[in-house]
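There are 2 protein chains.
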Amino acid sequence: MSLSGDHYNPLIRKLEAFSPLSDEEKAAIRAAPAQLRQLGPREDLIREDDPPTGVNLVLDGLAYRYKLLPGGRRQILSWLAPGDLCDTRVFILRRMDHAIAAFVPTRFAIFNPDTIAGLGRRHPRLRRAIWWSDLVEEAITREWLVNLGQRTAVERAAHLLCEIHYRLRIVGLAGDGSFTLPVTQNELGDTLGLSTVHVNRTLQELRREGLIAQHGREIVVLDADGLRRIGGFNPNYLHPDADSEDPADDGLWAPRPG
Amino acid sequence: MSLSGDHYNPLIRKLEAFSPLSDEEKAAIRAAPAQLRQLGPREDLIREDDPPTGVNLVLDGLAYRYKLLPGGRRQILSWLAPGDLCDTRVFILRRMDHAIAAFVPTRFAIFNPDTIAGLGRRHPRLRRAIWWSDLVEEAITREWLVNLGQRTAVERAAHLLCEIHYRLRIVGLAGDGSFTLPVTQNELGDTLGLSTVHVNRTLQELRREGLIAQHGREIVVLDADGLRRIGGFNPNYLHPDADSEDPADDGLWAPRPG
DNA sequence: CCATCGACCTAACAAAGGTGAATTCGAGGC
DNA sequence: GCCTCGAATTCACCTTTGTTAGGTCGATGG
Numbered sequence: 191m192s193l194s195g196d197h198y199n200p201l202i203r204k205l206e207a208f209s210p211l212s213d214e215e216k217a218a219i220r221a222a223p224a225q226l227r228q229l230g231p232r233e234d235l236i237r238e239d240d241p242p243t244g245v246n247l248v249l250d251g252l253a254y255r256y257k258l259l260p261g262g263r264r265q266i267l268s269w270l271a272p273g274d275l276c277d278t279r280v281f282i283l284r285r286m287d288h289a290i291a292a293f294v295p296t297r298f299a300i301f302n303p304d305t306i307a308g309l310g311r312r313h314p315r316l317r318r319a320i321w322w323s324d325l326v327e328e329a330i331t332r333e334w335l336v337n338l339g340q341r342t343a344v345e346r347a348a349h350l351l352c353e354i355h356y357r358l359r360i361v362g363l364a365g366d367g368s369f370t371l372p373v374t375q376n377e378l379g380d381t382l383g384l385s386t387v388h389v390n391r392t393l394q395e396l397r398r399e400g401l402i403a404q405h406g407r408e409i410v411v412l413d414a415d416g417l418r419r420i421g422g423f424n425p426n427y428l429h430p431d432a433d434s435e436d437p438a439d440d441g442l443w444a445p446r447p448g
Numbered sequence: 191m192s193l194s195g196d197h198y199n200p201l202i203r204k205l206e207a208f209s210p211l212s213d214e215e216k217a218a219i220r221a222a223p224a225q226l227r228q229l230g231p232r233e234d235l236i237r238e239d240d241p242p243t244g245v246n247l248v249l250d251g252l253a254y255r256y257k258l259l260p261g262g263r264r265q266i267l268s269w270l271a272p273g274d275l276c277d278t279r280v281f282i283l284r285r286m287d288h289a290i291a292a293f294v295p296t297r298f299a300i301f302n303p304d305t306i307a308g309l310g311r312r313h314p315r316l317r318r319a320i321w322w323s324d325l326v327e328e329a330i331t332r333e334w335l336v337n338l339g340q341r342t343a344v345e346r347a348a349h350l351l352c353e354i355h356y357r358l359r360i361v362g363l364a365g366d367g368s369f370t371l372p373v374t375q376n377e378l379g380d381t382l383g384l385s386t387v388h389v390n391r392t393l394q395e396l397r398r399e400g401l402i403a404q405h406g407r408e409i410v411v412l413d414a415d416g417l418r419r420i421g422g423f424n425p426n427y428l429h430p431d432a433d434s435e436d437p438a439d440d441g442l443w444a445p446r447p448g
């Protein structure tokens with residue numbers, strides 16, 4: 191398949207948060223051949239020690255990277271939202287050092303690394319945008335390290351909610367006031383390095399303070415500023431800035447004429 | 191300057207852990223023009239919000255990435271050892287989302303991004319090796335997330351010691367039995383997400399269990415297996431495997447003939 | 001209607017780790 | 001040899017978070 195039939199392509203939406211794309215660039219993305227893979231809830235896309243397969247793009251749903259430890263412990267390393275393009279270079283490695291799975295039914299487009307390479311080669315602005323999305327993923331991981339290392343339970347939870355709300359808004363999956371958080375408290379705990387019981391206490395505190403309300407799996411943000419303040423959330427690490435360079439001048443890592 | 195005068199180039203040593211390099215490839219690295227920067231202890235190379243400058247290579251000493259939080263909290267995000275090539279693509283971003291500083295007097299070679307791009311363009315095997323070192327840095331950050339999220343203080347410390355010992359050995363800066371850990375307990379705490387007092391208790395426990403001994407800043411590994419077991423250290427995430435691909439066949443992201 | 005199952009929630013208690021304030025140690029400078 | 005200073009160490013106490021165990025609720029299926 192290719193993505194050409196998709197009325198709505200979340201990758202385009204995501205990359206345009208960095209740099210506007212021409213019709214030709216968008217068409218190139220839509221025309222890129224990909225394999226479609228549909229996962230049910232809690233199903234693995236790829237496991238630790240498996241050889242990497244391709245470049246994964248989340249189309250809808252919600253996925254996560256994780257690592258298991260002896261004793262049944264699990265750390266969730268990142269959340270992958272629609273529009274997130276994962277592992278653009280991981281084919282270099284012999285095997286995965288972590289696994290990827292879906293929280294809820296999730297569709298992936300799986301590209302051959304050559305396909306992504308070709309897009310970058312033919313469209314310098316796409317190459318820059320893809321690198322930007324790689325760099326943002328790395329920055330998110332670092333910020334999560336800050337979260338686990340320095341923040342209290344309430345701060346961690348508030349920070350995560352701000353980040354997810356922000357990321358979902360970029361791809362049009364959340365409004366200003368609310369969003370869907372399709373994960374259990376146990377999964378939140380494995381994300382935040384907290385026990386399920388303490389996640390429960392922590393969410394209660396956020397509700398008691400009037401920062402959020404929950405209706406099922408819908409999170410209503412009652413006090414966005416307060417949530418940001420508690421979590422110490424500063425979106426700079428998501429690098430929302432529009433691209434500043436003229437891509438025509440950008441020959442980095444690209445073939446040189448002659 | 192270039193690195194040509196350096197009798198010993200830690201980048202070559204590091205990259206050869208992935209893939210053996212030809213004399214021509216090594217010569218290309220040595221000939222790459224770079225700016226030398228020498229930092230004193232606790233001095234910053236670059237601060238959060240600064241625009242990225244270039245691609246940084248640690249030549250000797252020991253450096254770290256970190257992020258500050260209100261209230262004087264600090265999380266150290268990674269340690270940068272000699273041979274670590276940092277931020278090969280960060281020039282894409284407008285500003286740094288974290289800072290880099292030195293633990294001890296440290297020398298850096300700072301490359302123009304174009305220089306690194308050129309190396310990769312002309313030497314496919316170098317490009318692969320540099321990507322590998324990027325991917326390993328990302329994997330280390332993920333493993334640190336596991337460390338902070340799931341492991342107890344003693345486990346965290348043991349894991350960090352195993353990792354650092356391993357990484358220093360790769361570049362010939364440690365033998366099997368001991369290595370230098372030139373950081374204070376306060377800095378260890380900001381790395382491990384622990385208070386200084388608790389780092390002290392934790393190191394005492396590792397000594398009491400006969401796993402390590404300390405002579406000043408020298409760590410003597412008395413029971414390497416025990417330390418690995420306690421820390422749950424599995425070096426797979428450092429991807430020590432030699433490269434398996436024939437670089438001649440590797441045209442990914444590279445200019446295509448014709 | 002009833003049984004089942006997963007998720008959410010609660011409570012009592014235990015353990016890990018943080019805090020603030022000394023005190024000791026050790027290397028370098030005089 | 002003595003002083004100084006940062007780092008390591010110790011202590012008493014406290015807070016946060018984990019653990020174990022149970023209970024409630026709602027959706028699903030027989």
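Chains A and B, in that order, are what the protein sequence lines are. Per the working numbering, the first sequence starts with residue 191, numbered consecutively. Per the working numbering, the second sequence starts with residue 191, numbered consecutively. Positions of the beta carbon are idealized from the N, C-alpha and C atoms, including for glycine.
Span of the alpha helix (DSSP H) around residue i
i: L252 (chain A); result: First-last for L252 (chain A): undefined, no H or E at that position.
i: I420 (chain A); result: A414 to G421
i: L396 (chain A); result: T386 to R398
i: T374 (chain B); result: Taken as a continuous stretch (DSSP letters only), T374 (chain B) belongs to no alpha helix (DSSP H), as it is neither H nor E.
i: L205 (chain B); result: P200 to E206
Buried versus exposed call for residue i [16 or more other C-beta atoms within 10 Å across all chains shown]
i: E405 (chain B); result: According to the sequence displayed, residue 405 (chain B) carries His and not Glu. So H405 (chain B) ends up on the exposed side.
i: D415 (chain B); result: exposed
i: D239 (chain A); result: exposed
i: D225 (chain A); result: Going by the sequence as given, residue 225 (chain A) is Gln instead of Asp. Per the 10 Å Cβ criterion, exposed.
i: V280 (chain A); result: buried
i: P303 (chain B); result: buried
i: T392 (chain B); result: buried
i: D277 (chain B); result: buried
Start-to-end residues for the beta strand (DSSP E) that takes in residue i
i: T305 (chain B); result: It is not in any beta strand (DSSP E) - T305 (chain B) instead sits in the alpha helix (DSSP H) that spans P303 to R312.
i: L219 (chain B); result: According to the sequence shown, residue 219 (chain B) is Ile rather than Leu. First-last for I219 (chain B): D213 to A221, but that is the alpha helix (DSSP H), not the beta strand (DSSP E).
i: H349 (chain B); result: Note, H349 (chain B): premise wrong, no beta strand (DSSP E); alpha helix (DSSP H) at A343 to I360.
i: E408 (chain B); result: E408 to V411
i: A268 (chain A); result: Checking the displayed sequence, the identity of residue 268 (chain A) turns out to be Ser instead of Ala. Segment R264 to L270, the beta strand (DSSP E) holding S268 (chain A).
i: I290 (chain A); result: A289 to A292
i: H405 (chain A); result: I402 to H405
i: L229 (chain B); result: Q225 to L229
i: L235 (chain A); result: D234 to I236
Cβ shell of residue i (< 7 Å), same chain only, five flanking positions each side left out
i: G441 (chain B); result: For G441 (chain B), the predicted structure reports a pLDDT of 39, less than 50, and the residue's modelled location is therefore unreliable. A value from the coordinates is still provided. Hits under 7 Å: none found.
i: H197 (chain B); result: With a pLDDT of 47 at H197 (chain B), under the threshold of 50, the modelled position of this residue cannot be trusted; read the value that follows with caution. Contacts found: none.
i: I409 (chain B); result: L351, S368, F369, L371 and I402
i: D413 (chain B); result: G400 and L401
i: I202 (chain B); result: L211, K216 and I219
Straight-line Cα distance separating residue j from residue i
i: L378 (chain A); j: R232 (chain B); result: 36 Å
i: L235 (chain A); j: R315 (chain A); result: 29 Å
i: R397 (chain A); j: A403 (chain A); result: 6 Å
i: D250 (chain A); j: A271 (chain A); result: 7 Å
i: R227 (chain B); j: I300 (chain B); result: 7 Å
i: F298 (chain B); j: G362 (chain B); result: 18 Å
i: L229 (chain B); j: V248 (chain B); result: 11 Å
i: G244 (chain A); j: E328 (chain A); result: 19 Å
i: P430 (chain A); j: P242 (chain A); result: 29 Å
i: R332 (chain A); j: I282 (chain A); result: 22 Å
i: Q394 (chain A); j: K204 (chain B); result: 49 Å
i: V373 (chain A); j: P200 (chain B); result: 45 Å
i: P447 (chain A); j: V326 (chain A); result: Any reading at P447 (chain A) is ruled out, since the residue's pLDDT is 36, under 50, leaving its predicted position unreliable.
i: L335 (chain A); j: Y254 (chain B); result: 14 Å
Nonlocal neighbours in the same chain, by C-beta distance under 6 Å from residue i, ignoring five residues either side
i: L382 (chain A); result: R346
i: A348 (chain B); result: L417, I420 and G421
i: F208 (chain B); result: A319, W322 and D433
i: L338 (chain B); result: G383
i: D439 (chain B); result: Below a pLDDT of 50, predicted positions are generally treated as unreliable, and D439 (chain B), at 42, falls in that range; the measurement from the model is reported next regardless. So the list is empty, once near-sequence residues are dropped.
Contacts around residue i, its chain only, beta-carbon distance under 8 Å, and the 5 residues preceding and following it disregarded
i: H388 (chain B); result: A343 and G379
i: L258 (chain A); result: E238, R264 and A289
i: L309 (chain B); result: A218, I219, A222, L316, R317 and I320
i: P295 (chain B); result: Q228, L229, G230, P231 and G251
Residues within the region 410 to 430 of chain A neighbouring chain B, beta-carbon criterion of under 7 Å | G422, N426, Y427 and H429
With 7 Å as the limit, tell me which residues of the region 257 to 287 of chain A have their beta carbon closer than that to any beta carbon of chain B; keep them in chain order.
-> K257, L259, P260, R263, Q265, L267, R279, V280, I282, L283, R284 and D287
Chain-ordered residues of the region 321 to 350 of chain B with a beta carbon less than 7 Å from chain A = W321, W322, L325, E328, A329, T331, R332, W334, L335, V336, L338, G339 and Q340
Residues of the region 366 to 388 of chain A with Cβ closer than 7 Å to any Cβ of chain B, in chain order = G383
Could you list the residues in the region 289 to 304 of chain B with a C-beta less than 7 Å from some C-beta on chain A, going in chain order?
-> P303 and D304
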